[in-house]
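Heads up: the protein sequence lines correspond to chains D and R, in order.
Okay, so the first sequence: first residue is 579 according to my numbering, each after it adds one.
Okay, so the second sequence: first residue is 2 according to my numbering, each after it adds one.
Positions of the beta carbon are idealized from the N, C-alpha and C atoms, including for glycine.
Take a look at the structure below.
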Amino acid sequence: MQTRRSVSMALAAFVMAVLPAAAHHGWSGNSPEEFELTGTVEQPVSLAGPHATMKIRAQGQLWDLTLAPPPRTQAAGLTEKAIPVGAEVKIHGHRNSDPKRFEVKTERVTWNGKTFNVYPDRD
Amino acid sequence: MLPFLAWLETSMLGHAMRSSGVWTYGVVNLFHILGVSTLFGAVVVLDLRLLGLWRTVPLPSIAGPTVPVATAGFIVAALTGAGLLATKATEYAGNPFLLIKFPAIAVALVNVAVVTSRPAWKQMERPDPTPGDRRVLAIGGAVSLAAWLTAIGAGRMIGYW
Chain D
579 MQTRRSVSMA LAAFVMAVLP AAAHHGWSGN SPEEFELTGT VEQPVSLAGP
629 HATMKIRAQG QLWDLTLAPP PRTQAAGLTE KAIPVGAEVK IHGHRNSDPK
679 RFEVKTERVT WNGKTFNVYP DRD
Chain R
2 MLPFLAWLET SMLGHAMRSS GVWTYGVVNL FHILGVSTLF GAVVVLDLRL
52 LGLWRTVPLP SIAGPTVPVA TAGFIVAALT GAGLLATKAT EYAGNPFLLI
102 KFPAIAVALV NVAVVTSRPA WKQMERPDPT PGDRRVLAIG GAVSLAAWLT
152 AIGAGRMIGY W
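Now the structure itself:
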């Protein structure tokens, strides 16, 4: 009986320890403010998981852009060859809440009059 | 750790993970979860038996099916996990959950080696195990449960860091 109680208490403690951390899922590690940036493509789109990525240079910094998961990014037309290196792009999204990190969870990328919207259901 | 991660990322496995289609990561991740759930589903039954639950069921009747199922689950999880990590290995440098997960897996595997080498495990067919044997097996079950729960909990959190 004692064993049974200690096992169930251990399981309950584990579940409680994990639940608050799960709240970080998605966008909560990023600022709620809308964020825009214009820069030049330094590393083209990569459709490797878990999230597609690209890098741009803006304001003298190299920025990591975190895009949607690969299938969704591809469906928005944003593939490896969609935008050439050196092209000037405007991006829209949410910056990492840590001001020392130059990372943007990116919803839209605009280049040459064309907008790739990888999160069409978000502002 | 960074040199190893850099090597893993530039390995053939990392390259294959990045360049074999947009669904690859998701499908490999699916098999990782299937492997982990198969492993833990079997391990939790065995560990609870070692801790003293279901004493009316002979230990060999539980160890018989759970050990090979857990082993198969571990192999699937380890192979697919290597692929997931290799995809962008260097990005996980400094991820604290990685530094909890892998030592926890090491503890769990050492625990398997220790428990299965003890007379209490090797002579599990005996009808009446001594209190000392029971204690050895119970400690093994407790360490196993704690180590695997830590590994799985930390593993789940890697992507949220």
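Each residue's CA atom was taken as its position, placing ALA148 (chain R) and ASP642 (chain D) some 35 Å apart. Listed along chain D are ALA626, GLY627, each with a C-beta nearer than 9 Å to that of MET18 (chain R). By the criterion of at least three beta-carbon pairs nearer than 8 Å, the stretch 17 to 33 of chain R is in contact with the stretch 81 to 92 of chain R. In the DSSP assignment, LEU615 (chain D) is bridged to D:ILE669. In this structure, the beta-carbon distance from MET158 (chain R) to PHE98 (chain R) falls below 8 Å. Counting along the chain, VAL682 (chain D) sits inside the beta strand (DSSP E) bounded by residues 681 to 689.
The beta-carbon separation of HIS629 (chain D) and PRO647 (chain D), rounded to 6 Å, stays under the 8 Å limit for a contact. Among the residues of the stretch 139 to 160 of chain R, those with a Cβ less than 8 Å away from any Cβ of chain D are ALA139, LEU146, ALA147, LEU150, GLY154, ARG157, MET158, GLY160, in the order of the chain.
Between ILE106 (chain R) and ASP699 (chain D), the alpha-carbon positions lie close to 40 Å from each other. Taking the Cα positions, GLY664 (chain D) is about 29 Å away from LEU9 (chain R).
With a threshold of 16 other beta carbon atoms within 10 Å, MET13 (chain R) falls short and is exposed. With a cut-off of 8 Å on Cβ pairs, the stretch 18 to 25 of chain R is not in contact with the stretch 54 to 73 of chain R, counting fewer than three such pairs. For GLN652 (chain D), the chain R residues whose Cβ falls inside 8 Å of its Cβ are VAL23, in order along the chain. Taking all protein chains shown into account, GLY141 (chain R) has 16 or more neighbouring C-beta atoms within 10 Å of its C-beta and is therefore buried. Between the alpha carbons of LEU80 (chain R) and ALA73 (chain R) lies a distance of about 11 Å. Here GLU620 (chain D) carries a strand assignment [DSSP, helix/strand/coil]. Per DSSP, reduced to three states, the secondary structure at ILE634 (chain D) is strand. Looking at the backbone, the Cα of ASN112 (chain R) and that of ARG135 (chain R) are separated by about 16 Å.
Annotation for GLY627 (chain D): PRO647, PRO648 place their beta carbon closer than 8 Å to its own, counting only its chain and skipping 5 residues before and after. Spanning the alpha carbons of TRP605 (chain D) and LYS683 (chain D) requires a straight line of approximately 8 Å. Straight-line measurement puts the Cα of LYS692 (chain D) at about 12 Å from the Cα of GLU666 (chain D). Restricting attention to R:ALA71, R:THR151, R:GLY36, the CA atom closest to the CA of VAL108 (chain R) is found in R:THR151. Distance from the Cα of ALA43 (chain R) is smallest, within the candidate group R:THR67, R:LYS123, R:LEU110, for R:THR67.
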